[in-house]
Amino acid sequence: MLLPHLIPFDQQVAGHDTIRMSINETVIIKPCNQRELEFYQNAPHYALHEFIPECYGTVRAATERELDMLECTELEEGKPIRIDNNVLHGFTQPCIMDLKIGSLLHDCDATDEKKKKMVLLSESTTSSTMGIRICGMKVYDSSKKRYQQYDKKLGKSCTRDTLIEAFLAFFFPSSPYAQQYTKYQVKSEETPVTGSSLLLVYEGDSTACHQTWQYLLNEDKKSMKSVDEELGPKLCDLRLIDFAHSDWNADRKNQDKDVLMGLDNTIQLLEMCMKRQTEERLGE
């Protein structure tokens, strides 16, 4: 497959890979390793597939010109480049959280030094206590008409007791909860990512949110949907991403038992956010 004309992807909140996007913003282009490629290729055989962004295949940067198009200096000629569905397509001002799940942040191929570093990171953060850790988030404040991005230090600073406040800052950017994290605000972010993540996205523009809600209500009244769900406007989305260290066929004893704990805690935090919203009348 030939490389399409690409533009920069400016909605990345974590990770250090160079990501590009097609001009119509429907697909993203990013480098991958063989393990991640095989994970995507085998994903359709598993029920979890519906929560994974669709992979349309790969291209190979065979010439210097193609490498220049990607502006990706770490790529070697011939390395596979994955083409994925852009899950942010359909949002006007997407608010994005990259939530690392599980407590195991390295795979069996990691060096001893890397393993030691990742174990320390897990044990010193909510990765070990809750099975989740915020790697980065980007929030659109509709009242101020501007974005604010938070770096990995926010996630590292959270404890079991304070993680709920970071979630509230994400869902309610105009609330006092967002003000206490101003020291973690950045202009850009370069956070290296090891394990898989949950990608939480919702529409941050209040006008677009209202229009999309009305659109979806009207679509529900129709017997035949006129627009593909992936191409129409969206209110929210939830996906699993980052599988460079994942393997469908990994030995059961090597699986991260805390992934399910992380998912359970995420659900509890979302329920707590809804409760606090009602009690404190947040977002009004």
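When we follow my numbering, the leftmost residue of the sequence shown carries the number 19, and every step to the right adds one.
Ideal Cβ placement from N, Cα and C applies to all residues, glycine included.
Problem set entry | Counted within 10 angstroms of its Cβ, other Cβ atoms place Pro62 as buried (16 or more) or exposed | Numbered from 1 along the sequence shown, position 44 holds the residue referred to as residue 62. With fewer than 16 Cβ atoms within 10 Å of its Cβ, Pro62 is classed as exposed.
Problem set entry | Extent of the continuous beta strand (DSSP E) run through Arg53 | Indexing the sequence shown from 1 puts residue 53 at position 35. Per DSSP, Arg53 belongs to no beta strand (DSSP E); it is in the alpha helix (DSSP H), Gln52 to Asn60.
Exercise. Can you tell which of Thr110, Asn104 and Arg151 has the C-alpha that lies nearest to the C-alpha of Leu123?
Worked result: Working through the sequence shown from its first residue, we reach residue 123 at position 105. Cα-wise, what sits closest to Leu123 is Arg151.
Exercise. Based on Cα-Cα distance, which residue from Thr44, Phe261, Arg38 and Ile37 lies nearest to Gly250?
Worked result: Position 232 of the sequence shown, counting from 1, holds the residue named residue 250. Out of Thr44, Phe261, Arg38 and Ile37, Thr44 has the C-alpha closest to the C-alpha of Gly250.
For this session: Please classify Asn283: does DSSP put it in a helix, a strand, or coil?
Result: As a first step, residue 283 is located in the sequence shown; it is residue number 265 there, counting from the start. Asn283 falls in the helix class under three-state DSSP.
Problem set entry | Pair within 8 angstroms by beta-carbon distance, Thr76 and Pro98 | Stepping through the sequence shown from its first residue, residue 76 is reached at position 58. Stepping through the sequence shown from its first residue, residue 98 is reached at position 80. Yes, the Cβ-Cβ distance between Thr76 and Pro98 is below 8 angstroms.
Exercise. Does DSSP put Leu186 in a helix, in a strand, or in coil?
Worked result: As a working note, residue 186 is residue 168 in the sequence shown. Helix at Leu186.
Exercise. Excluding five sequence neighbours on each side, which residues of the same chain lie with their C-beta closer than 6 angstroms to the C-beta of Lys57?
Worked result: As a first step, residue 57 must be located in the sequence shown, where it is residue number 39. Sequence inspection shows Phe at residue 57; the Lys mentioned does not correspond to that position. Counting only Cβ-Cβ distances below 6 angstroms, and skipping sequence neighbours, we find Phe261 and Ser264.
Exercise. Looking at the unbroken beta strand (DSSP E) that takes in Pro49, where does it start and where does it end?
Worked result: The sequence position of residue 49 within the sequence shown is 31, counting from 1. Per DSSP, Pro49 belongs to the beta strand (DSSP E) from Val45 to Pro49.
For this session: Please check the pair Ser224 and Cys153, which I expect to be a contact at CB under 8 angstroms, by giving their CB distance rounded to whole angstroms.
Result: Here residue 224 refers to the residue found at position 206 of the sequence shown. Here residue 153 refers to the residue found at position 135 of the sequence shown. With a Cβ gap of about 27 angstroms, Ser224 and Cys153 do not count as contacting.
Problem set entry | Simplified DSSP assignment, three categories, for Thr177 | The residue given as residue 177 occupies position 159 in the sequence shown. Thr177: coil per DSSP, three-state reduction.
Exercise. Does the Cβ-Cβ distance between Leu181 and Tyr199 come in under 8 angstroms?
Worked result: Sequence index remark: in the sequence shown, residue 181 carries index 163 (1-based). Sequence index remark: in the sequence shown, residue 199 carries index 181 (1-based). Taking 8 angstroms as the Cβ cut-off, Leu181 and Tyr199 do not qualify as a contacting pair.
Problem set entry | Contact check, Gly149 vs Gly280, beta carbons under 8 angstroms | Position 131 of the sequence shown holds residue 149. Position 262 of the sequence shown holds residue 280. Yes, the Cβ-Cβ distance between Gly149 and Gly280 is below 8 angstroms.
For this session: Give the range of the beta strand (DSSP E) segment to which Pro98 is assigned.
Result: As a first step, residue 98 must be located in the sequence shown, where it is residue number 80. Where Pro98 is concerned, the enclosing beta strand (DSSP E) stretches over Pro98 to Asn103.
For this session: List the endpoints of the continuous alpha helix (DSSP H) containing Glu302.
Result: Stepping through the sequence shown from its first residue, residue 302 is reached at position 284. From DSSP, Glu302 is part of no alpha helix (DSSP H); its letter is neither H nor E.
Exercise. What separation, rounded to the nearest whole angstrom, lies between the Cα atoms of Tyr202 and Asp179?
Worked result: The sequence position of residue 202 within the sequence shown is 184, counting from 1. The sequence position of residue 179 within the sequence shown is 161, counting from 1. Using only the alpha carbons, I get a separation of about 18 angstroms.
Exercise. Helix, strand or coil: which one does DSSP assign to Thr225?
Worked result: Within the sequence shown, the letter at position 207 stands for residue 225. In this structure, Thr225 counts as helix in the three-state DSSP scheme.
Exercise. Quick one, are the C-beta atoms of Leu66 and Leu234 less than 8 angstroms apart?
Worked result: On the sequence shown, position 48 is the one that residue 66 refers to. On the sequence shown, position 216 is the one that residue 234 refers to. For Leu66 and Leu234, no; Cβs fall outside 8 angstroms.
For this session: Evaluate Asp255 with the Cβ neighbour count: other Cβ atoms within 10 Å of its Cβ, from every protein chain shown; 16 or more gives buried, anything less gives exposed.
Result: For the purposes of this step, residue 255 is identified with residue 237 of the sequence shown, where counting begins at 1. Result: buried.
Problem set entry | Leu186 burial status per 10 Å Cβ neighbour count (16 or more: buried) | Taking the first residue of the sequence shown as position 1, residue 186 is located at position 168. Flag for Leu186 reads buried.
Problem set entry | CB-CB length for Val105 against Leu24, believed under 8 angstroms | The residue labelled residue 105 in the question sits at position 87 within the sequence shown. The residue labelled residue 24 in the question sits at position 6 within the sequence shown. Between Leu24 and Val105 the Cβ distance is about 18 angstroms, and since that is not below 8 angstroms, they are no contact.
Exercise. What three-state label does DSSP hand Ser140 in the structure shown?
Worked result: Locating residue 140 in the sequence shown gives position 122, counting from the first residue. Helix.
Exercise. In whole angstroms, what separates the C-alpha of Asp102 from that of Phe69?
Worked result: The residue given as residue 102 occupies position 84 in the sequence shown. The residue given as residue 69 occupies position 51 in the sequence shown. Using only the alpha carbons, I get a separation of about 13 angstroms.
Exercise. For Ala145, does the three-state DSSP call read helix, strand or coil?
Worked result: For the purposes of this step, residue 145 is taken as residue 127 along the sequence shown, with counting starting at 1. The question names Ala, but residue 145 in the sequence shown is Ser. Correct three-state label for Ser145: helix.
Problem set entry | Cross-strand partners of Pro112 (DSSP beta bridge) | As a working note, residue 112 is residue 94 in the sequence shown. The partner list for Pro112 (beta bridge, DSSP) reads Glu221.
Problem set entry | Exposed unless 16 or more other CB atoms sit within 10 angstroms - verdict on Lys275 | In the sequence shown, the residue the question calls residue 275 occupies position 257. Flag for Lys275 reads exposed.
Exercise. When the Cα of Val1 is compared with those of Asn51, Asp116, Thr296 and Asp169, which residue comes out closest?
Worked result: Within the shown structure, residues of the chain are numbered from 19 to 302, placing residue 1 beyond reach of any answer.
Exercise. Quick one: does Gln197 have its CB under 8 angstroms from some CB of chain C?
Worked result: Of the protein chains in the structure, only one exists, and it is not chain C.
Problem set entry | Residue span of the beta strand (DSSP E) that contains Tyr199, given as start and end | Along the sequence shown, one-based indexing puts residue 199 at 181. Counting along the chain, Tyr199 falls outside any beta strand (DSSP E), and DSSP gives it neither H nor E.
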